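All remarks here apply to the structure that follows.
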Amino acid sequence: MDKDLVYKIALTQIPGIGSVLAKNLIGYCGGVEPIFNKSISFLKKIPGVGDVLAGNIKGFSDFTEAEIECQFIVRNDIKPIFFLDANYPVRLKNIPDCPILLYVKGNGNLSPEKCIAIVGTRNMTAYGRQFINQLIDDMLPYNATIVSGLAYGVDVWAHKQCLKMGLNTYGVVAHGLDRIYPSVHANVATDMLAHKGAVITEFISGTAPDRENFPKRNRIVAGMVDAVIVVESAISGGSLITAEIANQYNRDVLAVPGNIGAKYSAGCNYLIKSHKANVIEGIDDLVRLLNWDVKIEKQTQRQLFVELTDNEQMILALIRENREMGIDQLMAHAGFSSSVLAMTLLELEMKNCITSLPGKRYQTIY
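End of the sequence shown = 366 in our numbering, gap-free, step of one.
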């Protein structure tokens, strides 16, 4: 049996020891096993420990549960990934309260080049379903990996569409890997594993999907990705918690706008109105926000099919010739009034021919 792993699992089971304090203990003690061998007086001197937690650590002597978990891991081909391991998700590692130990089923790359979370209500409407279908279809040229929570509604639909279209997708769950919750999604999880996906948790087997586990799950979802997309959400929806966590982690947050008064768009509209999320209407909003490379296939398609007015052609040619230009330069070269120029630039942006830069400057997309 892997003695080192037993100690790592045991550390996560000590009452009152969360991820941040666990990492602090590892740093002060020089590893995981030494934590259990230090004197209580030494432990009490570590910032954040104190009398009670030092007593909890020294009083922990039953490693049976950790040993049983090790056996479960081996039997079920689960990968335990410690936060100092090279294959720990690189984005997640950079958040202060990342789990010290993940349990991963599957062989997916946990640090893909492009990684996006799609989250939302369990009561998805046709509007949300249509948006997800189109977005994932448009993501194919970018080969993004999609992370979600295997829950009803938006989550599982995003997973299913990824499987249908051939994108990698990972599910983060709020329970141990001895089950899939809800159980009706077990077949989706199986399909994910068969297609280079993964199911990820920080909870040992036997852990039920209790209410308090879902915010912990949500922080992993937010921490693993470059951006979180909220497709539909009620004003009190759990996906708003994920969005809030993502903002705290300096992740980009995007929300799909919906009709005023629509129950399952109220949360998204709130995020946008309160400047907690960018508007996303389609893939181009995501591409611009994250500065993804524009693929040659998309460039060619735009050049072939976008119809431009004479004014738009002139401005586009000027910007392309100079790589990027400011409004004053464009007015001087084109001789347009400020209102005509502003309208022309807006049309070019809406046709995805140019993008705006800081300082009222513009550059071409292709």
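Glycine residues also receive a C-beta, built at the ideal position from the N, C-alpha and C atoms. On a predicted model such as this, the values are computed, not experimentally measured, just so you know.
Where the alpha helix (DSSP H) containing residue i begins and where it ends
i: C353; result: Neither: C353 is in no alpha helix (DSSP H) and is coded neither H nor E.
Neighbour-count burial assignment, residue i, 16 or more Cβ in a 10 Å radius
i: E69; result: buried
i: A194; result: exposed
i: N447; result: A question about residue 447 goes unanswered here, because the residues of the chain that appear run from 1 up to 366.
i: H185; result: buried
i: V32; result: buried
i: N218; result: buried
i: H159; result: buried
i: R323; result: exposed
i: N76; result: exposed
i: G359; result: exposed
i: I260; result: exposed
i: P182; result: exposed
Length of the line joining the Cα atoms of residue i and residue j
i: S19; j: D328; result: 53 Å
i: F83; j: G176; result: 18 Å
i: D155; j: I40; result: 45 Å
i: E202; j: C98; result: 10 Å
i: A144; j: D62; result: 43 Å
i: G106; j: L318; result: 51 Å
i: K23; j: I100; result: 7 Å
i: L341; j: I354; result: 13 Å
i: K420; j: A332; result: There is simply no residue 420 to check, as the chain begins at 1 and stops at 366 in what is shown.
i: D2; j: I220; result: 26 Å
i: K273; j: Q248; result: 18 Å
Integer Cβ distance of residue i from residue j, believed to fall under 8 Å
i: E312; j: E347; result: 6 Å
i: L254; j: A234; result: Not confirmed; about 18 Å, so no contact.
i: A198; j: V104; result: 6 Å
i: K196; j: G108; result: 5 Å
Those residues which DSSP pairs with residue i across a bridge
i: L101; result: F82
i: M325; result: Y362
i: S148; result: G171
i: G267; result: Per DSSP, none; premise fails for G267.
Range covered by the beta strand (DSSP E) that runs through residue i
i: D4; result: Element bounds for D4: not the beta strand (DSSP E) but the alpha helix (DSSP H), 3 to 12.
i: V119; result: 115 to 119
i: A194; result: Unbroken run through A194 is the alpha helix (DSSP H), 186 to 194; no beta strand (DSSP E).
i: L254; result: 252 to 255
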